[in-house]
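Below you'll find the structure, written out as structure tokens, and then a few comments.
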Amino acid sequence: MIEQVIEMLNEQQSKVKERSAPWMVAEQLKDICRREPESAELLAKDLENPQMGIVQAEKKIKAFADGHKSGGFSCVTPLEAEEILREFYGLGAASAAAGGDTPKVLSLADFL
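The numbering of the sequence shown is the working numbering, which starts it at 195 and goes up by one.
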């Protein structure tokens with residue numbers, strides 16, 4: 195399923211300029227699918243709908259950026275962009291397997 199979604203995203207990327215904002219949305223979605231195979235199935239269904247393409251997803255991110263301008267400058271962090279994409283595609287929160295676990299602290303006493 196992951197390969198199918200990546201192929202769908204590649205097809206949509208071929209219709210936009212390389213390294214443009216919609217192109218980067220596809221790259222971020224590919225990363226999500228690779229980390230969370232369960233998200234690939236949801237994305238496959240959504241990407242078949244012309245209203246759920248990478249261009250439309252990028253418009254959601256741009257709207258967020260425009261709403262958070264500081265002077266003449268606006269940006270969106272990768273985490274914010276991922277949250278917007280997750281909401282747009284209904285992917286839910288990042289899974290714990292994707293790195294959501296808190297790091298474990300080792301004590302030197304454990305080695306004694």
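Every residue gets a Cβ at the ideal spot worked out from N, C-alpha and C, and that includes glycine.
Item, Value
"Whole angstroms are fine: how far does the CA of I196 sit from the CA of I278?", "21 Å"
"Could you tell me the distance, in whole angstroms, from the CA atom of S307 to the CA atom of E274?", "This structure cannot settle anything about residue 307, because the visible part of the chain is limited to 195 through 306."
"Give the secondary structure of S268 by DSSP, where H, G and I count as helix, E and B as strand, and everything else as coil.", "coil"
"Between the stretch 208-225 and the stretch 241-256, can you find at least three pairs of beta-carbon atoms closer than 8 Å?", "yes"
"Smallest Cα separation from N243: which of A288, G286 and L203?", "L203"
"In terms of residues, what are the limits of the alpha helix (DSSP H) holding K239?", "P231 to L241"
"Quick one: what does DSSP say L285 is sitting in, helix, strand or coil?", "coil"
"Beta-carbon within less than 6 Å of V249's beta-carbon, same chain only, minus the 5 sequence neighbours each way: which residues are those?", "P216"
"Would you grab the beta carbon distance between L223 and L236 for me? Rounded to a whole angstrom, and I think it's under 8 Å.", "The Cβ separation is near 11 Å, so there is no contact."
"For the alpha helix (DSSP H) that contains K256, what are its first and last residues?", "I248 to G261"
"Using the Cα positions of F282 and A251, report the straight-line distance between them to the nearest angstrom.", "7 Å"
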